[in-house]
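Read through the structure below, which is laid out as structure tokens, and then see the notes.
Next up, the structure:
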């Protein structure tokens, strides 16, 4: 069955004009019956062959057309367009006649993939089709001359068609150029109008000449400044490149010193020799080949630029031609390989090994170039990031031991920060508790002061109050002592109550601190668990999507296998029928079955082999008789033509004589004289 993209392509192309049929992939695959698919295929063929004035497909009705004629017409059209499925003609004909869904959908996908190319081929095919003339007729000079003239006319038609296509393309490009020129003229006129308006505005300004001169000088200075800035930029880039080269050279020097310190002269000499061989190979073999490939690529690009513009159809033809050439090259390579394998070339093994080594060297050189380019790109990126970091921070980036030390210090500070944050949280909670306690105590103190004031006990609030109290000290001494004792008792009672409350709240505060710390730990754990849960859910979602896609693929495979099973069951049934026919043929050869003999008598032959041999013999005899008749006709053709010419001349003479006799008998001579002409002849 066609693939899902092919079915989607068929659905999309059929929904476009001129078809405008909204058919889904499922409808194409399952719901439409074979006759509907055949009708759609016929409509597509009519659309492709609409440029042919003598099209046999136009106006056909599948309901009234004979199925064999329909199959022959559609099969011939697909064969003309070089459809691969028509290679096995008889099998394709049987499947198309039986309404095979796979064959119909394959043909639809083939036709709808490239409709413009098929239209062009269908238009050219009637004019460029080769006429199949039997070899025996080609011996006739007139037929051979006609065949040669046909080939010449076809070549002329090809050239004229190419010229027409080129003229169409040239015409469209010329129209585009004219339109662009007209647009540029309009823009030029607009610019001139703007310049004229600006000149009129400037002429009214006093000392406009000086202002224009100053503007010109400013523009010149700005251009010079831009050039200087560009030069500075180039010089900075050159300095940067020089610094990079210096860094690379210093790194090479450092590596060389390290290698010299860690290895002996033999190792250094061996490494230098390997580097020399590699560089020599790159310079003498790889680099010239790369240069030649680049030159060839440039030549190809120049040739492509020199050629006229091509459209998609021309590109499609070129791709087909390239594919054919690649196939021919592959076949020639196979023939050469078979020829070299069949021969007794003693150097074949060595040539093969040399070719393998050369390919390995080329692959290694390619990998080396890729790694070198990657290293250069990474080095440039590193230098750029270093410069960016240096410019942003104004200091050198940390690396090595300094970076490790900085990370360890940062971790220690982070730990201290977490501890301080926890202590701050505890102190904040304790501060809240103490603040609330202070508010409660202030409220109680205020209530006590109000009670003392109501009882007549004065509250010392300042210097004036002290003077008034000392003035009446003698009168109230006793009352004051009693009240003070009462106040002292109340204060002691309050102090005792506060201490009891503190002792009672102290374990609760400690428990609350531990619970708060536990809550922070649980919150941290919850955050970590949530992150892991989110990551797990993302993984599960992606896995579910992949499993869903896999299930869809399996379902598609199941549908394909079911279709394949149905097709194989049909094939098995056909093979069983054929096997049964073969068994009947064997029984017919053996004999002894009365029922089979009765069937043989009824149908008039014993076995199908005898029947077909008889028909083949009759056809051969008929062909032989026709060839004899053809030879006889060819042999008698020229004498018969001469005899026909003679009879024609005799008929003309007799007609003239009859005309003359009529004139003589009627007496209508009109002064004409009738005489006898004699001529001497030498008779041998």
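Numbering (full-length UniProt numbering), first residue to last: 1 to 684. Each residue gets a CB set at the ideal place from its N, CA and C atoms; glycine is no exception.
Using DSSP with H/G/I as helix, E/B as strand and the rest coil, what is residue 98? Of the three classes helix, strand and coil, the one that applies to residue 98 here is coil, per DSSP.
For residue 568, three-class secondary structure by DSSP | Helix at residue 568.
- Message: Can you look up residue 607 in the DSSP assignment and give me helix, strand or coil?
- Response: Collapsing the DSSP output to three states places residue 607 in coil.
Distance CB(residue 614)-CB(residue 588) smaller than 7 Å = 7 Å or more divides the Cβ of residue 614 from the Cβ of residue 588.
Check this for me: beta carbons of residue 104 and residue 67, under 7 Å apart or not? No, the Cβ-Cβ distance between residue 104 and residue 67 is not below 7 Å.
Neighbour-count burial assignment, residue 63, 16 or more Cβ in a 10 Å radius: Flag for residue 63 reads exposed.
Residue 574: which of 195, 94 and 153 sits nearest, CA to CA? Checking every option, the nearest Cα to that of residue 574 belongs to 94.
Inset, instruction - Have a look at residue 598 and residue 572 and give me their C-alpha separation to the nearest angstrom. - result: One C-alpha to the other measures close to 29 Å.
Report the three-state DSSP secondary structure of residue 46 (helix, strand or coil).
Assigned with DSSP and collapsed to three states, residue 46 falls in helix.
### Message
Beta-carbon within less than 6 Å of residue 600's beta-carbon, same chain only, minus the 5 sequence neighbours each way: which residues are those?
### Response
Excluding positions up to five away in sequence, the list reads 606.
Helix or strand or just coil, what does DSSP make of residue 439? Residue 439: helix per DSSP, three-state reduction.
Review point. Taking Cβ positions only, does residue 490 come closer than 7 Å to chain D?
Key: Any reference to chain D falls outside this structure, which holds one protein chain only.
### Query
I think residue 122 touches residue 81, with their Cβ atoms under 8 Å apart; what is that distance to the nearest whole Å?
Contact check for residue 122 and residue 81: beta-carbon distance about 7 Å, within the 8 Å limit, so the pair qualifies.
Item to complete: Measure how close the beta-carbons of residue 74 and residue 45 come, nearest whole angstrom, since I'm counting them as under 8 Å.
Response: That pair is a contact at about 7 Å.
Would the beta-carbon of residue 107 fall within 7 Å of that of residue 41?
-> Yes, Cβ-Cβ distance for residue 107 and residue 41 is below 7 Å.
| Burial state of residue 250 (16 or more Cβ within 10 Å) | Counting Cβ neighbours within 10 Å, residue 250 comes out exposed, since fewer than 16 surround it.
*CB residue 14 to CB residue 23, shorter than 7 Å?*
Cβ atoms of residue 14 and residue 23: closer than 7 Å.
Label residue 637 either buried or exposed according to how many other C-beta atoms from any shown protein chain fall within 10 Å of its C-beta, with 16 as the threshold for buried.
-> Under a 10 Å Cβ-count criterion, residue 637 is classified as exposed, with fewer than 16 other Cβ atoms of the shown protein chains found around its own Cβ.
inquiry  = I'd like to know whether the C-beta atoms of residue 85 and residue 34 end up nearer to each other than 7 Å.
reply    = Contact check for residue 85 against residue 34 fails: the beta carbons are separated by 7 Å or more.
Fill in: Cβ shell of residue 142 (< 6 Å), same chain only, five flanking positions each side left out
Only residues of its own chain outside the window of five on either side were considered, and among them none has a CB closer than 6 Å to the CB of residue 142.
Item to complete: Compute the Euclidean distance between the alpha carbons of residue 318 and residue 633, then round it to the nearest angstrom.
Response: Taking the straight line from one Cα to the other gives about 49 Å.
Reduced DSSP category for residue 703 - H, G, I as helix; E, B as strand; rest coil | Residue 703 is absent from the model: the chain starts at 1 and stops at 684.
Whose C-alpha, out of 8, 119 and 90, is nearest the C-alpha of residue 50?
Nearest in C-alpha terms to residue 50, of all of 8, 119 and 90, is 119.
*Report buried or exposed for residue 71, applying the criterion of at least 16 other Cβ atoms within 10 angstroms of its Cβ.*
Burial state of residue 71 is buried, judged by a 10 Å Cβ sphere holding 16 or more other Cβ atoms.
Endpoints, alpha helix (DSSP H) assigned at residue 667: Here residue 667 belongs to no alpha helix (DSSP H), and DSSP marks it neither H nor E.
query = Leaving out the 5 sequence neighbours to the left and right, which residues in its chain are closer than 8 Å to residue 238 when beta-carbon positions are compared?
reply = Excluding residues within five positions, none has a Cβ falling inside 8 Å.
task = Can you check the stretch 243-305 for any beta strand (DSSP E) of at least 3 residues that lies completely inside it and give the ranges in chain order?
result = Taken in chain order, the stretch 243-305 contains no complete beta strand (DSSP E) segment of 3 residues or longer.
### Query
So is residue 534 buried or exposed if we call it buried at 16+ other beta carbons inside 10 Å?
By the neighbour-count definition (other C-beta atoms within 10 Å, threshold 16), residue 534 is an exposed residue.
Three or more C-beta pairs closer than 8 Å, one from the stretch 615-633 and one from the stretch 127-135: is that the case here? Taking 8 Å as the limit for Cβ pairs, the verdict is that the stretch 127-135 does not touch the stretch 615-633.
Just to confirm before moving on: does the CB-CB distance between residue 7 and residue 25 stay below 7 Å?
A contact, by the Cβ cut-off of 7 Å.
Check whether the stretch 229-245 and the stretch 351-371 are in contact - that is, three or more C-beta pairs closer than 8 Å. At 8 Å Cβ cutoff, the stretches do not touch.
Taking 8 Å as the limit between beta carbons, can you name the residues of its chain near residue 593, skipping five residues before and five after?
Excluding positions up to five away in sequence, the list reads 587.
Q. Looking at C-beta atoms only, is the number of pairs between the stretch 486-503 and the stretch 412-420 that lie closer than 8 Å three or more?
A. Because the criterion of three Cβ pairs below 8 Å is not met, the stretch 486-503 and the stretch 412-420 do not touch.
Fill in: DSSP-derived helix/strand/coil call for residue 62
The answer is coil: DSSP assigns residue 62 none of H, G, I, E or B.
task: Counting only the same chain and skipping the five closest in sequence on each side, list residues whose C-beta sits under 8 Å from that of residue 18.
output: Here residue 18 has 47 as same chain residues with Cβ atoms under 8 Å from its own Cβ, once five neighbours each way along the sequence are excluded.
Own chain, CB closer than 6 Å to residue 4, minus 5 neighbours either side, in chain order:
Excluding residues within five positions, none has a Cβ falling inside 6 Å.
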